[in-house]
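**Student:** Mapped onto numbering that gives the first Met the number 0, the consecutive letters of the sequence shown carry residue numbers 0 to 178.
The C-beta atom is built at its ideal place from N, Cα and C for all residues, glycine as well.
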Amino acid sequence: MTDGIQASLHTLAVHQPVAASLARFCASLLLFVLLGLLAVAAWLMRRQLTWKYAARVVVSLTVATVLTLLTNHLVLDPRPFVVEHYSPLAHASADNGFPSDHTLVAALFVGWAGWLNRRWSLAFALGLAAIILGRLAIGAHHSLDVLGSLVFAALGIFTASKWPFPPSWQHRPLLPFLT
Numbered sequence: 000m001t002d003g004i005q006a007s008l009h010t011l012a013v014h015q016p017v018a019a020s021l022a023r024f025c026a027s028l029l030l031f032v033l034l035g036l037l038a039v040a041a042w043l044m045r046r047q048l049t050w051k052y053a054a055r056v057v058v059s060l061t062v063a064t065v066l067t068l069l070t071n072h073l074v075l076d077p078r079p080f081v082v083e084h085y086s087p088l089a090h091a092s093a094d095n096g097f098p099s100d101h102t103l104v105a106a107l108f109v110g111w112a113g114w115l116n117r118r119w120s121l122a123f124a125l126g127l128a129a130i131i132l133g134r135l136a137i138g139a140h141h142s143l144d145v146l147g148s149l150v151f152a153a154l155g156i157f158t159a160s161k162w163p164f165p166p167s168w169q170h171r172p173l174l175p176f177l178t
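(1) Nearest to T179 by alpha carbon, out of K161, V82, A152?
(2) Output the distance between the C-alpha atoms of G147 and W168, rounded to the nearest integer angstrom.
(3) Is it true that the region 169-177 meets the region 98-111, where meeting means three or more beta-carbon pairs spaced less than 8 Å apart?
(4) Could you please give me the residues that DSSP links to N95 through a beta bridge?
(5) Give the DSSP bridge partners of T67, in chain order.
(6) What runs of the alpha helix (DSSP H), each 4 residues or longer, lie entirely inside the region 89-171?
(7) Is it buried or exposed, R23, if we count other Cβ atoms within 10 angstroms and call 16 or more buried?
(8) Among all the DSSP beta bridges, which residues are the ones paired with G49?
(9) What are the boundary residues of the alpha helix (DSSP H) that includes H14?
(10) Give the single residue among T102, T1, R118, S120 whose Cα lies nearest to the Cα of A26.
(11) Classify S86 as helix, strand or coil using the three-state DSSP reduction.
(12) Under a Cβ-count criterion, where at least 16 other Cβ atoms within 10 Å of its own Cβ denotes burial, should P163 be classed as buried or exposed?
(13) Determine whether the beta carbon atoms of F80 and D144 lie at a separation below 8 Å.
(14) Under a Cβ-count criterion, where at least 16 other Cβ atoms within 10 Å of its own Cβ denotes burial, should Q5 be classed as buried or exposed?
(15) Are Y85 and G138 touching if we call contact CB-CB under 8 Å?
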């Protein structure tokens, strides 16, 4: 499979040590930074955390996970480093690359942060973009893998946004002892 975007990013990372270091960080560690930021955001907004928010998180994660599990066996896309016979720039398993779990989780974080406060979505979206570029640059995924993850996360977020939760959940505190 020829993926010009992935190949170009990987070539840049191979020939530029700074780009390689940045790609490794974005591909492997930035997701944990976003998780920490989401935890801080949830803490800051703890009075606004409701049962509806928690249910949306569960529904979006469930939809995205089910789509991932179903299509993982239907779409076989070996990782770039396996196909092109090179070592990835950071640890990546040699299994099916479709879809990208890192991208899926980061994309869900964008939606979850947006439900807390729309202003935070941009920062999380920039983090998501950096993770995508990093995953492509280290040779862990093709563009198809990250695009599939974006679609699955978007479907999960959309489904959870439209789900008819009980109206009482809108204002019922998730953590009443913290309010």
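**Tutor:** According to the structure data:
(1) There is no way to answer for residue 179, as the model of the chain reaches only from 0 to 178.
(2) Stepping through the sequence shown from its first residue, residue 147 is reached at position 148. Stepping through the sequence shown from its first residue, residue 168 is reached at position 169. Cα-Cα distance, rounded: 31 Å.
(3) no
(4) Working through the sequence shown from its first residue, we reach residue 95 at position 96. Beta-bridge analysis with DSSP links N95 to P77.
(5) Reading the sequence shown from its first residue, position 68 is the one you call residue 67. Looking at the DSSP assignment, T67 forms no beta bridge with any residue, so it has no partner.
(6) 100-115, 120-136, 142-161
(7) On the sequence shown, residue 23 is found 24 positions in, with the first residue counted as 1. Counting Cβ neighbours within 10 Å, R23 comes out buried, since at least 16 surround it.
(8) Reading the sequence shown from its first residue, position 50 is the one you call residue 49. Reading off the sequence, residue 49 comes out as Thr, not Gly. Looking at the DSSP assignment, T49 forms a beta bridge with P172.
(9) Counting from one through the sequence shown, the residue named residue 14 turns up at place 15. Where H14 is concerned, the enclosing alpha helix (DSSP H) stretches over 3-14.
(10) Here residue 26 refers to the residue found at position 27 of the sequence shown. When each option's Cα is compared against that of A26, the closest is T102.
(11) Position 87 of the sequence shown, counted from the start, is the residue given in the question as residue 86. Of the three classes helix, strand and coil, the one that applies to S86 here is coil, per DSSP.
(12) Numbered from its first residue, the sequence shown carries residue 163 at position 164. With fewer than 16 other Cβ atoms within 10 Å, it is exposed.
(13) Reading the sequence shown from its first residue, position 81 is the one you call residue 80. Reading the sequence shown from its first residue, position 145 is the one you call residue 144. Going by C-beta atoms, F80 is not nearer than 8 Å to D144.
(14) Along the sequence shown, one-based indexing puts residue 5 at 6. That one is buried.
(15) Translated into the one-based positions of the sequence shown, residue 85 becomes position 86. Translated into the one-based positions of the sequence shown, residue 138 becomes position 139. Yes.
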